[in-house]
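Here the working numbering is used: position 243 in the sequence shown is 1376, and no number is missing along the way. By construction, the Cβ of each residue, glycine as well, lies at the ideal position given by its N, Cα and C atoms.
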Amino acid sequence: MTEHMPNWLSLGLVYLAAAVIAVPLARFLGLGSIIGYLGAGIAIGPFGLKLVSDAQAMLHFAEFGVVLMLFLVGLELEPRRLWAMRRPIFGWGSAQLIGSTLLMFGVGVLAGAPWRLALVAALGLAMSSTAIGLTVMAERNLGNTSAGQGVLSVMLLQDIAAIPVLALVPLLAIGAAHHDGGPPFWIEALRALGVIVIIVLGGRLLLRPALRWIARSETPEIFTAAALLLVVATAALMQSVGLSMALGAFLAGVLLAESEYRRELETDLEPFKGLLLGLFFIAVGMGIDFNVVLQRPGLIVALVLGFVLLKAMVLWAMARTMPIPLAERPEFIILLAQGGEFGFVIFQAATQGRVIGADVASLLVAVVTVSMLLTPLLLLAVDRWWAAHLRAHRVEPAEHRLDAPQDAPVILAGFGRYGQILARLLFSVGVRVTVLDHDAEQVETARRFGWRVYYGDATRLDLLRTAGAATARVLVVAIDDMEQNLALVDLAREHFPQLQIVARARDARHWTQLYRRGVRLIERETLDAALMSGRSVLERLGAEPHRARMLAQRFRRHSIEQLEAMAPHLGDQARLISISKAGRQQLEQLLAQERELAQRTRGQVDDAAQDNRP
């Protein structure tokens, strides 16, 4: 084993050094991390410095990063929310896959290609890159936008379509002699359905108790290992029946989206996902066969432009029908118009089944890879051209981008229910506020009602500068998503220390995370509403209004003091439980003493009144 160690060490050194140099450089140039990883792969690959030669082995290993990413996406989607997306998934997803396949197949046949080749190429090129699509969505915080939801729906359908597409490829082989004699399609479909049922039932009945039992061991590294085991086992089950590993991991994530271990799983798996995705993009860059590209550059360019434009036509027609605002349509189209890693699998299966030749497969793989390489560049170009195009034609974009510096003393990030109430108060007393929100539909609706709301991701440093963070006095963090909420706080404290931060907390855990970051002006979104309801209940039970108000204020003060006491011990469950129980007992004893004192005082007043009667 020792003789292999230097090789692995040298490979690790090459991969890490390439990523550490290329990615920050690409981000500095404004090209994004994906271009950095792809560039690193090209530089160290067989057609660069030749430091690494086996790109395929690394690609197969790094594909697990896509699996982890889909698991984490599933953790953000509760089952009822996924069920609500069933129509977009099977409706718009099917429209994209079938529409793109038929259009490219028709053009291929008209161009003179054999119909089997045209169909295989159309099926492979109709797929989109899940890795690039979801990574770009995360970088741009597109998950909650209409375009982001549309991209996710289409990509989920593509994963679901894996087994019928792969089952179709061998059937295209010329002559029965090329058929592998495997089981009929309907048997494969039943096996796949059985595995999905096992995952769903197992996730409902076994996952939570198993994670609870592991968590009781109080060994963080074992919980991390259990999280990885869960994803690996689910992916292996799906792969055993020919389904997408990423789809299996996604289902497992959805089943745990409502569990108490959701945040812990996200925290444990996020570093692995980021590292493996980076390796995946490096491997894609290494795998570009520049020999094929240089031999027929004109054909490569024509094929890339041709299939991207054909898919873009289908996607543009879909975007006009779907509820996607005009300004979000370019991102929706570009993220789905590219080729994807599943195309590699289709072309490999077609080569093994002798449906297409190895030289044709190499050409198609090169076409897909080049399209993946161009996607981040196209997004950068559209970012500059599309906004200018809309302004030049006096078409105000639906998101109302913030492109002029602001000087208001208050910046409000998030214009949901919480942010709207706060903004109405500030506007009513004449305070100028720069309002940012990342939901294009919400911004458009608010604009129709007369609110000056700008579209933008407040966690972007450049947008914060344009919003006037360097001169503003107060930043109100009212973003719904806890991770984005905390990311904005970290960004503001690092780059704009003069800002006073007023933050909204979703729950006690979120409050503690903000408190530990040094934020002291924190309000829990449901606390005051619950206390007002509690006052109403007490009054209906006979308490005097001033007494009910005093009790609510006392409980509010106690709740905040309790959280401040618990904040240093986040992660120590036993200590948190002890503090909570002690605080509850202390509050109950204090209120009991006050009731007793009030009763004695009332009794003394009654006695004095009786003594003074004539």
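- Secondary structure at Asp1614: coil, using DSSP grouped into helix, strand and coil.
- In the DSSP assignment, Leu1569 forms a beta bridge with Ala1546, Tyr1587.
- Here Leu1363 carries a helix assignment [DSSP, helix/strand/coil].
- For Arg1345, the uninterrupted alpha helix (DSSP H) run begins and ends at 1341–1348, by DSSP.
- The shortest C-alpha to C-alpha distance from Gly1381 to any of Asp1572, Gly1207, Ile1167 is the one to Gly1207.
- Burial check for Glu1694: the Cβ neighbour count within 10 Å stays below 16, so the residue is exposed.
- Trp1449 is positioned such that its CB atom lies closer than 8 Å to that of Ile1466.
- Here Val1153 is exposed. Its C-beta has fewer than 16 other C-beta atoms within 10 Å.
- Separation of the CB atoms of Thr1604 and Asp1540 is rounded to 6 Å, and the pair is thereby assigned contact status at 8 Å.
- For Gln1646, the uninterrupted alpha helix (DSSP H) run begins and ends at 1641–1649, by DSSP.
- DSSP places Ala1483 within a helical segment (H, G or I) once states are collapsed to three.
- Leu1289 is positioned such that its CB atom lies closer than 8 Å to that of Ile1222.
- Sequence-distant partners of Gly1169 (beyond 5 residues in either direction) whose C-beta falls short of 7 Å from its own C-beta, in its chain, are Ala1155, Val1156, Leu1158, Ala1159, Arg1160.
- Under the DSSP assignment, Glu1677 falls outside any alpha helix (DSSP H); it carries neither an H nor an E label.
- Residue pairing by DSSP places Gln1633 opposite Val1607 in a beta bridge.
- Less than 8 Å separates the beta-carbon of Gly1172 from that of Gly1418.
- DSSP places Arg1657 inside the beta strand (DSSP E), whose first and last residues are 1654–1657.
- Looking at the backbone, the Cα of Arg1637 and that of Leu1436 are separated by about 50 Å.
- Under the DSSP assignment, Gly1226 falls in the alpha helix (DSSP H) whose first and last residues are 1226–1243.
- Listed as beta-bridge partners of Ala1638 by DSSP are Arg1657.
- Judged by DSSP in its simplified three-state form, Glu1627 adopts helix.
- Taking C-alpha positions only, Leu1608 is separated from Thr1592 by approximately 12 Å.
- Residue environment: Leu1323 is assigned as exposed (fewer than 16 neighbouring CB atoms within 10 Å of its CB, all protein chains considered).
- Closest in C-alpha terms to Leu1660, from the list Arg1639, Thr1357, Arg1213, comes Arg1639.
- Around Arg1668, the same chain offers Ala1681, Arg1682, Ala1685 as residues with beta carbons nearer than 7 Å, after the five sequence neighbours per side are excluded.
- In this structure the segment 1463–1482 touches the segment 1265–1275; the number of beta carbon pairs closer than 8 Å is three or more.
- For the options Leu1497, Asp1595, Gly1476, Ser1279, the alpha carbon positioned closest to that of Asp1292 is the one of Gly1476.
- A contact between stretches requires three or more CB pairs, one per stretch, nearer than 8 Å, and the segment 1508–1516 fails this requirement with the segment 1616–1636.
- Closest by C-alpha distance to Ala1546, out of Ser1279, Arg1650, Ala1625, Ala1483, is Ala1625.
- With contacts defined by Cβ atoms closer than 8 Å, Val1287 and Leu1469 form a contacting pair.
- Cβ contact annotation for Arg1650 (same chain, cutoff 8 Å, sequence separation greater than five): Leu1619, Val1622, Asp1623, Arg1626, in chain order.
- Excluding its 5 nearest sequence neighbours in each direction, Ile1421 has C-beta neighbours in its own chain below 6 Å: Thr1502, listed in chain order.
- If you check the CB distance, Leu1664 and Gln1633 do not come in under 8 Å.
- Just measuring C-alpha positions, the residue of Leu1647, Gly1386, Gln1485 sitting nearest Leu1215 is Gly1386.
- Two segments are said to touch when three or more pairs of C-beta atoms, one from each, lie closer than 8 Å; by this definition the segment 1475–1489 does not touch the segment 1440–1455.
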